[in-house]
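Engineer: All you need for the numbering used here is the position in the sequence shown, starting with 1, plus 2. Glycine is no exception: its CB is placed at the ideal position from the N, C-alpha and C atoms.
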Amino acid sequence: MSDCIFCKLAKGEFPTTKLYEDDDILVFNDLHPVAPVHFLVVPKPHIESLAHAEVQHQALLGKLMLVAARVAAEQGLAQGFRTIINTGEGGGQSVFHLHLHVIGGAPLPTKITELSTH
Numbered sequence: 003m004s005d006c007i008f009c010k011l012a013k014g015e016f017p018t019t020k021l022y023e024d025d026d027i028l029v030f031n032d033l034h035p036v037a038p039v040h041f042l043v044v045p046k047p048h049i050e051s052l053a054h055a056e057v058q059h060q061a062l063l064g065k066l067m068l069v070a071a072r073v074a075a076e077q078g079l080a081q082g083f084r085t086i087i088n089t090g091e092g093g094g095q096s097v098f099h100l101h102l103h104v105i106g107g108a109p110l111p112t113k114i115t116e117l118s119t120h
């Protein structure tokens, strides 16, 4: 996707403060955090949403989760954190490139309706 902001970030076309990067994944702080710690875990290959993931993405999906936990620990979230994947317009997704939100560092709402992420 030539106009996807996350694809451009993954290719280094826009600057961002990277919390983690390897050949498959980029992790950076959310521009509009909802908690003291709020970062995004983004696969470098363009996958529109979790609903668009296929069998060939299975290893990458697992790696996203492991990287999320690793970076959460590095960011001081040893006591816990929340992971969120918004899927599709009806699920609150506003950037149509699969990504995980990892949030923590403060008491979090217990009702999902009290939390707003993109």
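(1) Report all residues from its chain with a CB closer than 6 Å to the CB of residue 18; omit the five preceding and five following residues, and keep chain order.
(2) When you compare the CB positions of residue 70 and residue 39, do they come within less than 9 Å of one another, or not?
(3) Apart from the five residues on each side of it in sequence, which residues of its chain come closer than 6 Å, Cβ to Cβ, to residue 77?
(4) Along the chain, where does the beta strand (DSSP E) containing residue 100 start, and where does it finish?
(5) Look up residue 8 in the DSSP assignment and say whether it is helix, strand or coil.
Structural biologist: Put simply:
(1) Within the sequence shown, the letter at position 16 stands for residue 18. Closer than 6 Å at the Cβ level, and outside the excluded window around residue 18, lie 11 and 30.
(2) Sequence index remark: in the sequence shown, residue 70 carries index 68 (1-based). Sequence index remark: in the sequence shown, residue 39 carries index 37 (1-based). It is not a contact, given that the beta carbons lie outside the stated cut-off.
(3) As a position in the sequence shown, residue 77 is number 75, starting the count at 1. Counting only Cβ-Cβ distances below 6 Å, and skipping sequence neighbours, we find 39.
(4) In the sequence shown, counting from the first residue as 1, residue 100 sits at position 98. Counting along the chain, residue 100 falls outside any beta strand (DSSP E), and DSSP gives it neither H nor E.
(5) Counting from 1 along the sequence shown, the entry for residue 8 is found at position 6. Looking at residue 8 - three-state DSSP - the assignment turns out to be helix.
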